[in-house]
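A.B. asks: Take a look at this one; I'll ask things after.
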Amino acid sequence: MEISKHDFVKKFPQVADAILEADCIAIDAEFSGLRLNTSIQSQFDDQQARYNKLCESAKEYSIIQFGVCAFKKKGPREYVAKPFNFYIFGGDTPTVTSNRSFLSSASSLQFLRSHNFDFNKWIDEGIPFYNFAETSTAVKKFDRPGTFVNRQNHVNLNTLPKQQMKFMETTRKSIENWLQTGNTAKPLIIQTNNSFIRRLIHQELQDGKYNGYLSGRLRDTKHMSIHKMTEEERKENMRTDHVQADLNFRRVIELINQADCPVVVHNGYLDVLHIIDQFWQYLPSKVGEFKSLATEMWSRIVDTKYLAEFHPHLKGCFNTTVLGSLYNTVSTELSEAELSINIADEYDRYTKDDDAQHEAGYDAFMTGSVFIGFARFIFERDETKDSNSNSSDDEEKDVPSSPSEDGEVSDSVPTPDDYTFDSDILTNYYNRIFVARSDIPYVDLVNEEKMPVIEVPNRFYLTNVPEGVTASGIEALYPELRPMSIHWINSSTAWLIVKHDNKIELAKEGVLGEERVKPFLRGSTRQNEGESLSITASAAKIELFGYQQWRTRSEFQAGGNTTITTKEANHSTHNAQNNKSKDSKEEEEEDSKSIGTLSTKSSSNDSGSDEDEKVSEKSNDNKAPATSTTTSMQESFVPAGGDAYDDLGIPMPPSFMRGIKRQASDDDKSDSKNKNKKQR
9 MEISKHDFVK KFPQVADAIL EADCIAIDAE FSGLRLNTSI QSQFDDQQAR
59 YNKLCESAKE YSIIQFGVCA FKKKGPREYV AKPFNFYIFG GDTPTVTSNR
109 SFLSSASSLQ FLRSHNFDFN KWIDEGIPFY NFAETSTAVK KFDRPGTFVN
159 RQNHVNLNTL PKQQMKFMET TRKSIENWLQ TGNTAKPLII QTNNSFIRRL
209 IHQELQDGKY NGYLSGRLRD TKHMSIHKMT EEERKENMRT DHVQADLNFR
259 RVIELINQAD CPVVVHNGYL DVLHIIDQFW QYLPSKVGEF KSLATEMWSR
309 IVDTKYLAEF HPHLKGCFNT TVLGSLYNTV STELSEAELS INIADEYDRY
359 TKDDDAQHEA GYDAFMTGSV FIGFARFIFE RDETKDSNSN SSDDEEKDVP
409 SSPSEDGEVS DSVPTPDDYT FDSDILTNYY NRIFVARSDI PYVDLVNEEK
459 MPVIEVPNRF YLTNVPEGVT ASGIEALYPE LRPMSIHWIN SSTAWLIVKH
509 DNKIELAKEG VLGEERVKPF LRGSTRQNEG ESLSITASAA KIELFGYQQW
559 RTRSEFQAGG NTTITTKEAN HSTHNAQNNK SKDSKEEEEE DSKSIGTLST
609 KSSSNDSGSD EDEKVSEKSN DNKAPATSTT TSMQESFVPA GGDAYDDLGI
659 PMPPSFMRGI KRQASDDDKS DSKNKNKKQR
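The sequence shown finishes on residue 688 if you use this note's numbering, and the numbering steps up by one all the way, no holes.
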């Protein structure tokens, strides 16, 4: 069902009914662009660095279409889906002026148009939106009618002069001390000498870490008073604002919050960031504060990309985890398993014959269908595992099993039809969002991420690199390791990636030493080369560490100084990747797996067992794929515990086994065709 600005208020009760009765809700968003040229993502990003880069994109680009699909279980093997498609446009209304601006990517818009995106409808009928921070600062002007919401009023604190930055730091500490003392019945008085400082204070109070509990009032021309609201006052403050309450897409996000059921995304890190920033609160500066804000908005977020890659019952089952491919596989298997997902009668916009992929509403439907299929498969695997375990116990005890009189499983034994989305076998993997091309392959919204133990013998950490020495200079100082790629962390530290496995053993950890530098100094044979590469005597202090040594050295881990900058980055490679569609972005992530892999073992997980994990590696330098001597992409990946599924003693459900056999048959046919072509 498509809903526009003109019928949003009229159809809102229907949207509310569908969402509030749902057992799970899937969402998807289409953007005006994906990546900024200044935010190059790196395999070596820590969580804060990756968050910062994605935030830059989320703040500059905009959601232009939003899909919601509510799923309701009608029977043991039947779900009914109600998909909605909303165009989102932050234009002015007769009563509200928003003065919004955002970036757009030519390639993203071109991609959307190729999938029949209607830009005229987007502008003419797109639904306006205002987050809580915007509505709380909306103002009425005495000289003009209407209400004014201006996102540009949000000041980038990093651009402030040092004196004002210091003032804001002092103010934050004062607020923190005031809140920690518990004596919040009395307001906190802050000196504000001008209107700009008052604006900064108001902006600080809107930060997500305060959860909307703080408000500021003008005490006199030189002071403001800060008050802590009660829960009732906070809710009332959210309801009463100058902005027209009915025509605001945030109402849909609030409905999903009230539904309190799993919210399903696919590869949804960027989606969640955009949703928070546009519809909830401005994104905070710290990744930890973002996590709290995300779970406050929606308490159970499920990423099907994460499930496909890391759930022990799913990982290794699919050749690709791109949404469209997953949906095609899962929908076929569900049909063979006689589990139906039917679109409700009034929601017949999407039929099996429609090519509606990349319309947000249809992508939301696909995402939710994949989740239901995953859940069913996981439940079947879990039931089969328990059945085998019980059978083994019975054999040991020499006690026969006791089937019911009609030959069916006893009511006390749960079947896949009895499981719910609140079952532990699923909820242990909620609130984890997939992160592409990262040593930490997911972000955990509730707990600290468990850093996998990675074996990367070709990765080395350089410190004490003198100012001015470039990647070419490092290559000259370590010629035995060439070819290599250099990834700068800052001006004095970098990652060195050895491209050829047979060169790894030539790396000598420790200080470079004077003997290696002498040939490049004045009066030596390579003086001219040394001058052109800025190699001086101080280069002798350069120190090289292996990856495992870097992991175990506390001075490297405590500072969190492993964020990659754009220095020496291959911008042409990045620009070619920039601003692609979500689907092509996923395909890009899949392709990166063929470039090189890291052999990983998770230190632990919620199921209590170690699981082998694959983490793809793709460097910023297109010519620098990192390789591993411990894992080959030709090896078939299976869960830990055996060389194949048969060795686990846990047979796959028949429907999924048929799919795997069918895929193998297709592969054999393809190989046969290729051989015939070569013979010709």
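Where is the CB? At the ideal position from N, CA and C, for every residue including glycine.
Residue 450 bridges to which residues according to DSSP?
C.D. replies: For the purposes of this step, residue 450 is taken as the residue at position 442 of the sequence shown. Partner(s): 442.
A.B. asks: Taking 7 Å as the limit between beta carbons, can you name the residues of its chain near residue 377, skipping five residues before and five after?
C.D. replies: One-based indexing of the sequence shown puts residue 377 at position 369. Excluding positions up to five away in sequence, the list reads 335, 338, 339, 349.
A.B. asks: How long is the line joining the alpha carbons of residue 548 and residue 47, rounded to whole angstroms?
C.D. replies: Along the sequence shown, one-based indexing puts residue 548 at 540. Along the sequence shown, one-based indexing puts residue 47 at 39. Taking the straight line joining both Cα atoms gives about 33 Å.
A.B. asks: Name, in chain order, the residues that DSSP records as bridge partners for residue 228.
C.D. replies: To locate residue 228, count along the sequence shown from 1; it is residue 220. 231, per the DSSP bridge assignment.
A.B. asks: Alpha carbons only, please: which of 444, 321, 551 is nearest the one belonging to residue 386?
C.D. replies: The sequence position of residue 386 within the sequence shown is 378, counting from 1. The option with the nearest alpha carbon to residue 386 is 321.
A.B. asks: For residue 284 and residue 185, I'd like the C-alpha separation in whole angstroms.
C.D. replies: Translated into positions along the sequence shown, residue 284 becomes position 276. Translated into positions along the sequence shown, residue 185 becomes position 177. The alpha-carbon atoms of residue 284 and residue 185 are separated by roughly 28 Å.
A.B. asks: Quick one: residues in its chain with C-beta nearer than 7 Å to the C-beta of residue 28, no 5 flanking neighbours on either side, listed in chain order?
C.D. replies: The sequence position of residue 28 within the sequence shown is 20, counting from 1. 263, 266, 267.
A.B. asks: Terminal residues of the continuous alpha helix (DSSP H) containing residue 689?
C.D. replies: Limits of the chain in this structure are 9 at one end and 688 at the other, which puts residue 689 out of reach.
A.B. asks: On the three-pair Cβ rule with 8 Å, is the segment 309-324 touching the segment 430-448?
C.D. replies: They touch, by the three-pair rule.
A.B. asks: Under a three-way DSSP split, which group does residue 370 fall into?
C.D. replies: The residue you call residue 370 lines up with position 362 of the sequence shown. If DSSP states are grouped into helix, strand and coil, residue 370 belongs with the helices.
A.B. asks: Would you list the one or two residues that DSSP bridges to residue 11?
C.D. replies: Locating residue 11 in the sequence shown gives position 3, where the first residue counts as 1. Residue 11 is bridged to 94.
A.B. asks: Give me the Cα-Cα distance between residue 358 and residue 72, rounded to the nearest whole angstrom.
C.D. replies: The count along the sequence shown starts at 1 and reaches residue 358 at position 350. The count along the sequence shown starts at 1 and reaches residue 72 at position 64. Distance between the alpha carbons of residue 358 and residue 72: 20 Å.
A.B. asks: Could you check where the alpha helix (DSSP H) with residue 496 kicks off and where it finishes?
C.D. replies: Numbered from its first residue, the sequence shown carries residue 496 at position 488. Segment 492-496 is the beta strand (DSSP E) holding residue 496; no alpha helix (DSSP H) there.
A.B. asks: Which of the three DSSP states, helix, strand or coil, is assigned to residue 475?
C.D. replies: Taking the first residue of the sequence shown as 1, we reach residue 475 at position 467. Coil at residue 475, not helix or strand.
A.B. asks: By DSSP, does residue 457 sit in helix, in strand, or in coil?
C.D. replies: Residue mapping note: residue 457 aligns to position 449 of the sequence shown, counting from 1. Here residue 457 sits in coil by DSSP.
A.B. asks: Keeping to the same chain, check which residues put their C-beta closer than 6 Å to that of residue 457; ignore five residues upstream and five downstream.
C.D. replies: In the sequence shown, the residue the question calls residue 457 occupies position 449. The answer, listed in chain order, is 448.
A.B. asks: Check this for me: beta carbons of residue 484 and residue 495, under 8 Å apart or not?
C.D. replies: Numbered from its first residue, the sequence shown carries residue 484 at position 476. Numbered from its first residue, the sequence shown carries residue 495 at position 487. No.
A.B. asks: Between the segment 187-207 and the segment 122-131, do at least 3 Cβ pairs fall closer than 8 Å?
C.D. replies: With a cut-off of 8 Å, the segment 122-131 and the segment 187-207 do not count as touching, because too few Cβ pairs lie within range.
A.B. asks: Tell me, which residues are paired with residue 185 by DSSP?
C.D. replies: Numbered from 1 along the sequence shown, position 177 holds the residue referred to as residue 185. None, per the DSSP bridge assignment.
A.B. asks: Which ranges would you report for the alpha helix (DSSP H) in the segment 294-332 if only whole runs of at least 4 residues count?
C.D. replies: Counting whole runs of 4 or more residues, the segment 294-332 contains the alpha helix (DSSP H) stretches 295-305, 312-318.
A.B. asks: Is DSSP giving residue 29 helix, strand or coil here?
C.D. replies: The residue given as residue 29 occupies position 21 in the sequence shown. Coil, per DSSP.
A.B. asks: Cβ atoms of residue 472 and residue 493: under 8 Å apart, would you say?
C.D. replies: Indexing the sequence shown from 1 puts residue 493 at position 485. Indexing the sequence shown from 1 puts residue 472 at position 464. Not closer than 8 Å, so no.
A.B. asks: Please report the residue range of the beta strand (DSSP E) in which residue 83 lies.
C.D. replies: Here the question's residue 83 lines up with position 75 in the sequence shown. Residues 71-83.
A.B. asks: Taking just the CA atoms, how far does residue 79 sit from residue 244?
C.D. replies: Your numbering for residue 244 matches position 236 in the sequence shown. Your numbering for residue 79 matches position 71 in the sequence shown. The straight-line gap from Cα to Cα measures roughly 31 Å.
A.B. asks: In this structure, does DSSP put residue 406 in helix, strand or coil?
C.D. replies: Here residue 406 refers to the residue found at position 398 when the sequence shown is read from its first residue. Legend: pLDDT at residue 406 = 46, less than 50; position of this residue unreliable, value from coordinates given subsequently. Residue 406 falls in the coil class under three-state DSSP.
A.B. asks: Tell whether a beta-carbon distance below 8 Å holds between residue 65 and residue 291.
C.D. replies: The residue labelled residue 65 in the question sits at position 57 within the sequence shown. The residue labelled residue 291 in the question sits at position 283 within the sequence shown. No, these two residues do not count as a Cβ contact at 8 Å.
A.B. asks: Thinking C-alpha only, which one of 531, 476, 514 is nearest residue 487?
C.D. replies: Here residue 487 refers to the residue found at position 479 when the sequence shown is read from its first residue. Residue 487 has its Cα closest to that of 514, out of 531, 476, 514.
A.B. asks: Enumerate in chain order the residues of its own chain whose CB-to-CB distance from residue 84 is below 6 Å, with the five nearest sequence positions on each side excluded.
C.D. replies: Counting from 1 along the sequence shown, the entry for residue 84 is found at position 76. Contacts found: 425.
A.B. asks: My output table needs one value for residue 281: the three-state DSSP class, helix, strand or coil.
C.D. replies: Looking up residue 281 in the sequence shown gives position 273. Helix.
A.B. asks: Less than 7 Å separating the Cβ of residue 42 from some heavy atom of the ligand SAH?
C.D. replies: Looking for the ligand SAH in the displayed structure turns up nothing, as the structure carries no ligands at all.
A.B. asks: Inspect the CB distances between the segment 129-145 and the segment 163-178 and report whether three or more fall short of 8 Å.
C.D. replies: Contact between the segment 129-145 and the segment 163-178 is absent, because fewer than three Cβ pairs lie under 8 Å.
A.B. asks: On a CA-only basis, which of 333, 140, 510, 112 is nearest residue 218? Give me that one, please.
C.D. replies: Locating residue 218 in the sequence shown gives position 210, counting from the first residue. Comparing Cα positions, the closest option is 140.
A.B. asks: What are the residues that DSSP puts in a beta bridge with residue 167?
C.D. replies: The residue you call residue 167 lines up with position 159 of the sequence shown. BP columns for residue 167 are empty, so no partner.
A.B. asks: Using a Cβ-Cβ cut-off of 8 Å, state whether residue 142 counts as contacting chain D.
C.D. replies: In the structure shown, chain D cannot be found, because there is only a single protein chain.
A.B. asks: Expressed to the nearest angstrom, what Euclidean distance is found between the alpha-carbon atoms of residue 351 and residue 117?
C.D. replies: Position 343 of the sequence shown holds residue 351. Position 109 of the sequence shown holds residue 117. Approximately 29 Å between the Cα atoms of the pair.
A.B. asks: Do residue 282 and residue 331 have their beta-carbon atoms positioned less than 8 Å apart in this structure?
C.D. replies: What you label residue 331 is simply residue 323 of the sequence shown in a count that begins at 1. What you label residue 282 is simply residue 274 of the sequence shown in a count that begins at 1. Contact: no.
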